[in-house]
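Heads up, the sequence shown is in numbering that gives the first Met the number 0, so the first residue is 0 and it goes up one at a time. One structure is given below, encoded as C-alpha cells.
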Amino acid sequence: MKRKYLYGIIVLLLISGNAVSQITLTLEQTIAIAADSSLEAFRTKNMYLTGYWKYRTYQAGRLPGLSLNLTPAQYYRDITRRYDSENDVDVYRKQESFYASGGLQVKQNFDLLGGSFFLNSDLGYMRNLGNNAYTQFTSVPIMVGYQQELIGYNPFKWERKIEPLKFETVKKEFLYNMEQLSEQATAYFFNLAMAQVEYDMALENVSSTDTLYRVGEQRQKIASITKADLLTLKLDAVNARNTLQNAEIDLKRAMFALASYLNFDKNTEIRLRLPGRPVNRILSVDEALMHARDNNPKFLDLRRQVLEAEQEVDRTKKESMFNASLRASIGFNQVANTFRDAYSNPLPQDVVSVSISIPLVDWGVRKGKYNVARNTLNVTQISARQEELSLEEDLIMTVGDFNVQQKMILSAEEALDLSQMAYAETKQRFIIGKADINSLTLSLNRQQEAERSYIKALRNYRLSYYKIRKLTLHDFELNVSLSRKFDYE
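Quick look at the structure:
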C-alpha cells in the first residue's frame, strides 16, 4: 500500500501545474496509480468505509447502552374532573401543578435468548400549586429487570450470523473492486499500447513506402518494374499517410482515456513500457476454486441471501403461533415530601408480568406469510446454487485461458522475430530487384499482424491473471490470501 501511495504522490507532483507534459509508465505503475488516485478507487474506498461503519454500529449495539431520560419542566393549569366522595358526585375543579422527572437506564441485549437486561434509577418531583399547595418526591434508587418474548422471534440470534458475514462481504467486495480496478487499468494500458504500436507502425510504414516509391521510380526508368507496379507503390504511400492520420487520432483517444482514468491532466502525454515475458506459471483449477469459495464476495453474498431467507422463515413461523412475553424486575422505591426522605428507607418493588396473545381468526394470513417465506427460501437456495455454478464455470474457463496464454506469448514472440527478419530480407531483395511488390506487401502485412498478435497475447495474459486474482482474491505469486494481507496491513 505504501508503494502505491508513493507512485501516486510522485506522479501528481510531476503533472501538477503542467510541469511535465510527458511521462513513461510501466503496467505496474499504472495499476498502482489507478489504485491510489483514480476516481474509481476513491468511490471504492468510500463504499468500503460505509460498510465498515455499519458494522461498527452493529458492534456498538451489542454493548451495554446508557441513556438519560429527562423531563425538566412540565406545567399544568387546567380544569379537571374529580370525584367528590362526601357528596358522591363528580365535580370540576381547577388544578395548577408543576412536574419534573429524570432517569438513568442501562440496557444490555441477551443474544442467546433474545431478551434484554435493564438497570434503572428514577427520580420524580411534583409541586401542587394553589390553595392546597404541597410537594412530593418519588424515587426508584435502583431496579434490575429482564424482559423477552418467550416463544417469539429472536432477531439477535440472526444478527450474530448475518452482520459479521455482511462485513466480511463488504471487505472482500473492496478487494474485489480493487482487483477489478487493476483489470480495468490493464485494459486501458494495453489499449494505449496497441494504439502506440499502430501509430509507430504507421509512421514506419510512411517512411518505408516513400523509400520504396523512390526506389520504384528508379527501377521503372530502367524498365525493371511496370507502370502498374509503380502506381501500386504510390498508392501504398498515399494509403500509409491516411493510415498514419487515423492512427494518430486513435492514439490521442486512447491516451486521453488512460489519463482520465488515472485522474491525470488531460494534456498529459503518456508513453508506455511494455512488460516483458512472464514467468511460466501453471495454475491449478482445483486450487483456484478453493480460494474462490473462501474469498469471492459473490459466494459470501449468496450465503447471506440464503441466511436472510431462513431468517424470514423463522420469523413468520414464530409469528404464526401465539405470542407470550415476560417482564420481571426487582428494586426499591419511595415517596416523601423532601428529597432526602425520598431516598430513606426505600420499600421493595417487585414486578412480574406475563402476557399472552393468541390469534383466533386471521383467515390464514399468518400461514400464508409463512408459506411465502418458505417458498422464497427454496427459490433463493436454487438461485444461489445456479449462480455458484456460473461463477465456478467462469473461473475454470479463465484459468484455462491463462495457462494457454503463456504458450501463446512464446509463440507470438517467435512469430514476431521471424516476421521482422522475413520483412527485412524481402525488402532488401525488392530493392535489388529480386522480389516483386506482392511479396513485399505480403511480408509487411505479416510483420504488422505479428506485432499486433504479440501485444494481444500480452494483454490477454495480464487480463486473465488479474481476473483470476479478482475471482479468487489470492496472490498466486506470493501464495497469500489478499484478505489476510489486507487485515495485516
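Note that beta-carbon positions come from the ideal geometry of N, C-alpha and C, so glycine has one too.
Nearest CA to the CA of Ala-99: which residue from Arg-468, Ser-207, Leu-122? For the residues Arg-468, Ser-207, Leu-122, the minimum Cα distance to Ala-99 belongs to Leu-122.
Whose C-alpha, out of Thr-25, Glu-311, Trp-157, is nearest the C-alpha of Tyr-57? Cα-wise, what sits closest to Tyr-57 is Trp-157.
Rounded distance between the beta-carbons of Ile-467 and Thr-397, thought under 8 Å: With a Cβ gap of about 6 Å, Thr-397 and Ile-467 count as contacting.
Counting only the same chain and skipping the five closest in sequence on each side, list residues whose C-beta sits under 8 Å from that of Tyr-460. Exclusion of the five residues before and after Tyr-460 leaves Pro-277, Phe-401, Gln-404, Gln-405, Met-407, Ile-408 as the residues of its chain whose Cβ lies within less than 8 Å of its Cβ.
For Val-403, three-class secondary structure by DSSP: In this structure, Val-403 counts as helix in the three-state DSSP scheme.
For a cutoff of 8 Å on Cβ pairs, would you count Ile-150 as touching chain B? Although the question refers to chain B, the structure presented lacks it and comprises just one protein chain.
Which residues does DSSP pair with Tyr-91 in a beta bridge? Paired residue(s): Arg-80.
Would you call Tyr-133 buried or exposed, if buried means 16 or more other Cβ atoms sit within 10 Å of its Cβ? A residue is called buried when at least 16 other Cβ atoms come within 10 angstroms of its Cβ; Tyr-133 does not meet this threshold and is exposed.
Could you tell me the alpha carbon to alpha carbon distance between Ala-449 and Glu-392, rounded to whole angstroms? When the Cα atoms are used, Ala-449 and Glu-392 turn out to be separated by approximately 31 Å.
Close Cβ partners of Gly-50 (< 6 Å) along its chain, the five nearest in sequence each way excluded: Only Val-169 meet the Cβ criterion.
Apply the 10 Å Cβ neighbour rule to Ile-454 and answer buried if 16 or more other Cβ atoms are within range, or exposed otherwise. Buried, since its Cβ has 16 or more Cβ neighbours within 10 Å.
Going by the beta-carbon positions, is the gap between Asn-295 and Leu-472 smaller than 8 Å? In this structure, Asn-295 places its C-beta atom within 8 Å of the C-beta atom of Leu-472.
Less than 8 Å between the beta carbons of Glu-178 and Lys-469, yes or no? Cβ atoms of Glu-178 and Lys-469: closer than 8 Å.
Check whether the Cβ atoms of Ser-96 and Ala-341 lie closer than 8 Å to each other. For the pair Ser-96 and Ala-341, the CB atoms are not nearer than the 8 Å cut-off.
If we count the other Cβ atoms within 10 Å of its Cβ and call it buried at 16 or more, is Gln-385 buried or exposed? With fewer than 16 Cβ atoms within 10 Å of its Cβ, Gln-385 is classed as exposed.
Since Asp-340 is in the beta strand (DSSP E), which residue starts that stretch and which ends it? Where Asp-340 is concerned, there is no enclosing beta strand (DSSP E), although the alpha helix (DSSP H) around it starts and stops at 338-341.
Using the three-state DSSP reduction, which class does Leu-346 fall into: helix, strand or coil? DSSP places Leu-346 in strand when its eight states are reduced to three.
Note the first and the last residue of the continuous beta strand (DSSP E) segment covering Asn-86. Neither: Asn-86 is in no beta strand (DSSP E) and is coded neither H nor E.
Give the DSSP-derived three-state secondary structure of Pro-140 in the structure shown. Strand.
Under 8 Å between C-beta atoms of Val-350 and Ser-328: It is a contact, given that the beta carbons lie within the stated cut-off.
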